[in-house]
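In my numbering, the protein residues as written are 0 to 116. Even for Gly, the Cβ is constructed at its ideal location relative to N, Cα and C. Since the structure is predicted, the reported quantities are computational estimates derived from the model, not experimental observations.
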């Protein structure tokens, strides 16, 4: 990937070899077929992509990947980097899709009272 003639590189300190391109992917869990890739292009360009301003980075990525499955009633499964109550609600409202994922920190609006019963 090149923008303005300069190859895109990202520094990710938590990775063993932390320089390279960062990609997000969507795949079919049954067949293992890769369905799409999204190149992370830096903070400013990511903020310009659809859904980011309304729902934040994690939810925006899931919504962009899931648009083509709108109304199919499928279930999207994602890891904790993308899992939030917001992602679940917006997938159902905007795409008619279900969501399953481990919500660790993005739990605003989660009905915590059910966890204590």
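Which of helix, strand or coil does DSSP assign to residue 42?
Against the chain shown, residue 42 aligns to sequence position 43. Looking at residue 42 - three-state DSSP - the assignment turns out to be helix.
Check whether the segment 43-54 touches the segment 28-35, taking contact to mean three or more Cβ pairs, one atom from each stretch, closer than 8 Å.
The segment 43-54 is not in contact with the segment 28-35.
Along the beta strand (DSSP E) that carries residue 25, what are the first and last residues, could you check?
Counting from 1 along the chain shown, the entry for residue 25 is found at position 26. Note, residue 25: beta strand (DSSP E), 22-26.
Could you work out which residue in 34, 61, 101, 80 is closest to residue 91 when comparing CA atoms only?
In the chain shown, the residue the question calls residue 91 occupies position 92. For residue 91, the nearest C-alpha among the options comes from 61.
What number of angstroms, rounded off, separates the C-alpha of residue 97 from the C-alpha of residue 49?
As a position in the chain shown, residue 97 is number 98, starting the count at 1. As a position in the chain shown, residue 49 is number 50, starting the count at 1. When rounded, the distance between both Cα atoms is 20 Å.
What does a CB cutoff of less than 6 Å around residue 70 pick up in its chain, not counting 5 residues either side in sequence?
Looking up residue 70 in the chain shown gives position 71. Excluding residues within five positions, the ones whose Cβ falls inside 6 Å are 95.
Can you tell me whether DSSP reads residue 54 as helix, strand or coil?
In the chain shown, residue 54 corresponds to position 55, counting from 1. The answer is helix: DSSP assigns residue 54 an H, G or I state.
By Cβ distance, which residues of its chain are closer than 7 Å to residue 77, with the 5 residues on each side in sequence left out?
As a working note, residue 77 is residue 78 in the chain shown. Contacts found: 61, 100.
Based on DSSP bridge pairs, tell me the residues matched to residue 100.
Translated into positions along the chain shown, residue 100 becomes position 101. Paired residue(s): 77.
Is it right to say residue 26 is buried, meaning 16 or more other beta carbons lie within 10 angstroms of its own, or is it exposed?
Locating residue 26 in the chain shown gives position 27, counting from the first residue. Counting Cβ neighbours within 10 Å, residue 26 comes out exposed, since fewer than 16 surround it.
Have a look at the DSSP bridge pairing and note the partners of residue 95.
The residue given as residue 95 occupies position 96 in the chain shown. Paired residue(s): none; residue 95 is not in a bridge.
Can you round the beta-carbon distance between residue 57 and residue 104 to whole angstroms, since I take them to be within the 8 Å contact cut?
Residue 57 sits at position 58 when you count from the first residue of the chain shown. Residue 104 sits at position 105 when you count from the first residue of the chain shown. Rounded, the Cβ-Cβ distance is 10 Å, inconsistent with contact.
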